[in-house]
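All remarks here apply to the structure that follows.
In the working numbering, the protein residues as written are 347 to 609.
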């Protein structure tokens, strides 16, 4: 049912007591052979009909639906939650099958912002049809170390059915594990394209992100309404000259700052 086009499909006749056969492949093709291969050039839904006739002229037919598709592997790592203990957090994640083939294996990685991952593998069946979602609760917990600032936990989809899936843009999701006003390190840093600014707000409210060059000139102002918890702003650095920049986050009467480099 799935494969790169043109796709060769094998048809096996299992009729008994028949002498003559007529295959109809729903794309204009026909055949009178017993069993055969047929090549489909285009994706779509096809209705395959086999008409069998005995030597006495008795006829019977059978029709089967066949959907021809390019295979798409796409697991959406949609949302992360945690079960928080005094010295650890146990993550669980909402996963969607947004491709068109069954998913039987998902390799996942969970990590705090110190970057030390825990990897686990789910096996089962997650279909592309409703219900096409599931919750996965990690068996492992991640240790909260008292002398480190742990602000977020992230879960990544690493492999789907043993391969990197076709849409890696939805394979990463994070959530805050603190309620403190926090500005995380921008990434990637250095950058020559998009850079991501992540921050945590204790309550919903207006924020302003100011970007300064190294001689103190304000080169960009971003103002928006931030949500309670983890927020992300994607900023294109294509209009910036190479060099170091200072990012200042303003929320209520509080100010936080981070450095980043345009490569």
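Heads up, the beta-carbon is just placed ideally off N, CA and C, and yes, glycines get one too. Predicted model only: the values in this text are computed from it and were never measured.
Between residue 516 and residue 599, the C-beta spacing is not below 8 Å.
Three or more Cβ pairs drawn from the region 513-527 and the region 572-592 lie within less than 8 Å of each other, which places the two stretches in contact.
Setting aside the 5 residues that flank it on each side, residue 508 is surrounded in the same chain by 451, each with a C-beta closer than 8 Å to its C-beta; the list follows chain order. The C-beta distance from residue 471 to residue 448 rounds to 6 Å, short enough to fall under 8 Å. The beta strand (DSSP E) runs of length 3 or more contained entirely in the region 419-490 are, from start to end of the chain, 421-430, 434-443, 449-458, 463-472, 479-483. If you draw a 10 Å sphere on the C-beta of residue 511, you find 16 or more other C-beta atoms in it, and that means buried.
Shown here, residue 504 sits in a strand according to DSSP, grouped into three states. About 7 Å separates the beta carbon of residue 392 from that of residue 414, a gap short enough to meet the 8 Å contact definition. Spatial neighbours of residue 352 in its own chain (CB-CB distance under 7 Å, excluding positions within 5 residues in sequence) are listed in chain order as 385, 386, 387.
Per DSSP, the beta bridge partners of residue 533 are 542. For the pair residue 540 and residue 581, the CB atoms are nearer than the 8 Å cut-off. Segment contact: the region 488-495 against the region 537-551, fewer than three CB-CB distances shorter than 8 Å; contact not assigned. Annotated three-state conformation of residue 516 is helix, per DSSP.
Between residue 484 and residue 438, the CB-CB gap stays under 8 Å.
Across the set 550, 555, 590, the C-alpha of 590 shows the shortest separation from the C-alpha of residue 561.
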